[in-house]
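Here is the structure we will look at, set down as structure tokens.
Have a look at this one:
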């Protein structure tokens, strides 16, 4: 256990009350220790997209590390009569001691992909439901949007700058998820500090308005940070702004930023003006309410980079990924797993242990998300050249695999997404609504 | 200053990098101390709604209290060369020492309502932009959705239970914002602890699936928490579930919960079945992907309470309120305020100091959002019986008014919304898209 653990705040009350009520009832009824298997999956991809990208796993592992009931949490639960004393005593000793497998962070996923499998006692596992879903549903919603923007940008760099349009802590998670999905930088300083993501940003309209003229503001900025900066040129008239920017910084000006107007037209005009002023290497960055469709529409004009705000941090129309956390099996009296599943017509889930692989054709292009249903990896014939196993073990008997956590885990997740994206069929990059690019098949 | 302050984490890096770059440039250029006025407003109401509800103010004040640059923040900024040493020295002493006025939390708002006015030096005020917008944009997005759900529920109680569909910290803020907008409870325990919001919840499908039969699960729950509980009856067949619930708890059963199916039909059937079993006082609560429209559609059937998840925590289609933070005036060399405003065609803002009132008719119904533009309250003729002033002072020369913070401030905000809602015209409660229910008028 990491020695700094005790300094982190407890995450245990980021939990729905009913999780604790269920633990309380199960302890009293004698079923709390029943060995169980819980699974996180999404019944469909939000927004009729072609694939999703798993994000949040590394964050979740850190939060599970700090999921414990200290005196403050226990006192509050006691005073509010949430659970009985017997359950309070059990909670006081709580540390997750089970095992967790899951899709690697940055992996593509499809409807019913078993994204996370938690194997533990009923009580230990059920307590993690709310926290696991909060993290995976938000972070994956952002990654699902971001990966489409990265595709639409066709290699041009993207910066996430939506902090102001998300809860202040969501903003940090959003920067991380967008980075995993292929963004290059963020405006959010806390995301830089916590996750090692490159940060960017130079000035807002307020800086121009503070000064008597646009050129005075530009000269102040260039004096402070050098001519290789980005000047925001649309506070008044854009053409005047561009001229003032080049006058202040010289043709070595790093970039101009456009945050309003009809961008496909404006970008072409600004490029011509910059070139005519000798600022042929000055770049153009655009930032006005972009989403994946607006980015795609700019692919034919000379934009050098994009800044994306609201749409990426709110999942571009799908602000939660729709994942659920379900009990799929429990250990019977004979020691075997008993698959269990809810029967409500529109919410059917498939009971039992899963072992997912991605089937590839001989050209190494994915053709199917194949989920073996059975007693576990040891029973399946997976792992061949044409079946890439999708599970990694994240937690082993309570011990977190640190390769998936922190800035290094974040960097690895970003690399993983870049690597596996080339394995998806070409229609995965389509922005229109449609069916998932791979079928999900269960094999028992 | 509160003695517990030093124990709270610094919030200062929940900030876009460009805020610090602007401070750096302004310090070097000698303009950092210019007295400035910044304003938060929304150019339009999201989703073509009729009014908005301000939420987040109390949370923001707590975050401003902890907005400081400790050694950890300063070291990171230095190592990453975000600002110069001179600016680091200035940041080390940073405490917000200006004044803030704003709409009371829980107040209704309209396009261009000046929701928050920050009066301080340029450098002190610009640093708060990202944090202020993160908080107000998210919390108000939730309150904007929640207030419509409360109206649609026509007096029936509502519980917020969307924690699993929002970032784990957003979930706490969402519970608070929904409560301010008239919800009665939340599933989120941390929201109970931090903000004093009543918490609720009993069991999920996992608890039923843990046991050999539905009735065994129900008996275990009733044994643990008593018959005045809520039993979830839709894991298998609903009618069987209702019978098993009454068998386990007796006719004193508190409530049954329905989480799937065609609710308008199902609720009627379940009510009849409960009555036929003698459980005439057992209530029915429904929780299946509800939003304001689904709630309205259930108004004619005997639902007793609603649980709302995804749609409330994601703003029911509008996950960010679209507020901006703009420099609107700066002090000139002669000591007078100089109004400033950006000129980009679609993003015009109105410069200068504002003093907003809500004009009422003789029946005390609001008819206009009237914004006096001028040097401040002392110049206006507001405050008459037919002009309700909308500003309260939140921070006075760096000192936070504690009546707006903590659980008490949250409770007051909820009361304020309930009180002022009756002042809005009848068409404010319409769920369809349309124009704001009040026009916003500027008077100089």
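Residue numbers (full-length UniProt numbering), protein chains in the order written: chain A, 1 to 444; chain B, 1 to 444.
Just so it is clear, CB atoms sit at the ideal spot from N, CA and C, and this is done for glycine as well.
Excluding residues up to 5 positions away in sequence, 309, 310, 313 and 314 lie with their Cβ nearer than 7 angstroms to the Cβ of residue 165(B) in the same chain. Interface criterion not met: the Cβ of residue 93(B) is under 8 angstroms from no Cβ in chain A. Boundaries cannot be given for residue 188(B), as no alpha helix (DSSP H) includes it and DSSP labels it neither H nor E.
When secondary structure is reduced to three states using DSSP, residue 313(A) falls in the helix class.
Rounded to whole angstroms, the Cβ separation of residue 277(A) and residue 256(A) is 11 angstroms, and the two are not in contact under 8 angstroms. In the DSSP assignment, residue 28(A) falls within the unbroken alpha helix (DSSP H) covering 17 to 29. If only uninterrupted beta strand (DSSP E) runs of at least 3 residues are considered, those enclosed by the UniProt region "Disordered" (423 to 444) of chain B are 440 to 443. Proximity of chain B to residue 167(A) at the Cβ level (cut-off 7 angstroms) is accounted for by 134, 138, 167, 169, 170 and 173, in chain order. Taking a cut-off of 8 angstroms for Cβ pairs, the region 133 to 141 of chain B and the region 124 to 144 of chain A do not touch, as fewer than three such pairs fall below it.
The beta carbon of residue 416(B) sits closer than 6 angstroms to those of 104 and 106, all from its chain and outside the five residues before and after it, given in chain order. Contact of residue 200(A) with chain B is assigned, a C-beta pair being separated by under 8 angstroms. Take the alpha-carbon of residue 242(B) and the one of residue 390(B): they are about 50 angstroms apart. According to the DSSP assignment, residue 388(B) belongs to no alpha helix (DSSP H) but to the beta strand (DSSP E) extending over 387 to 389. Within chain B, the residues placing a beta-carbon under 7 angstroms from that of residue 76(A) are 193, ordered along the chain.
At a cut-off of 8 angstroms, the C-beta of residue 190(A) has a neighbouring C-beta in chain B. Just measuring C-alpha positions, the residue of 91(B), 227(B), 392(B) and 159(B) sitting nearest residue 69(B) is 91(B). Under the 8 angstroms Cβ criterion, the region 143 to 163 of chain A counts as touching the region 286 to 301 of chain A, having at least three qualifying pairs. Only those residues of the region 327 to 338 of chain B whose C-beta falls short of 7 angstroms from the nearest C-beta of chain A are listed: 327 and 330. Taking the C-beta atoms as reference points, residue 205(B) is found no nearer than 8 angstroms to residue 230(B).
Near chain A, meaning a CB-to-CB distance below 8 angstroms, the residues of the region 146 to 164 of chain B are 161, 163 and 164. Not a single unbroken stretch of the beta strand (DSSP E) spanning 3 or more residues falls wholly within the region 164 to 224 of chain B. By the beta-carbon neighbour count (other beta carbons within 10 angstroms, threshold 16), residue 62(A) is buried.
Around residue 387(A), the same chain offers 357 and 359 as residues with beta carbons nearer than 6 angstroms, after the five sequence neighbours per side are excluded. Residue pairing for residue 305(B): DSSP places it in a beta bridge opposite 285(B). For the region 296 to 311 of chain B, the residues whose beta carbon sits under 8 angstroms from a beta carbon of chain A are, in order, 310. Within chain B, 204, 206, 207 and 210 have C-beta atoms less than 9 angstroms from the C-beta of residue 126(A), given in sequence order. Residues of chain A whose Cβ lies closer than 7 angstroms to the Cβ of residue 340(B) are, in chain order, 209. For residue 142(A), the enclosing alpha helix (DSSP H) starts and ends at 129 to 153. For the set 181(A), 169(A) and 306(A), the Cα lying nearest the Cα of residue 258(A) is the one of 306(A).
Using a Cβ-Cβ cut-off of 7 angstroms, residue 17(B) is close to 187, 189, 199, 200 and 201 of chain A, given in chain order. Taken in chain order, the complete alpha helix (DSSP H) segments of 4 or more residues contained in the region 74 to 116 of chain A are 85 to 92.
The criterion of a C-beta distance shorter than 8 angstroms is satisfied by residue 203(B) and residue 22(A). Residue pairing by DSSP puts residue 52(B) in a beta bridge opposite 109(B). Listed by position along chain B, the residues whose Cβ is nearer than 8 angstroms to that of residue 131(A) are 168. Checking the DSSP bridge columns, you'll see residue 251(A) has no partner listed. Residue 178(B) and residue 265(B) have their C-alpha atoms spaced approximately 28 angstroms apart.
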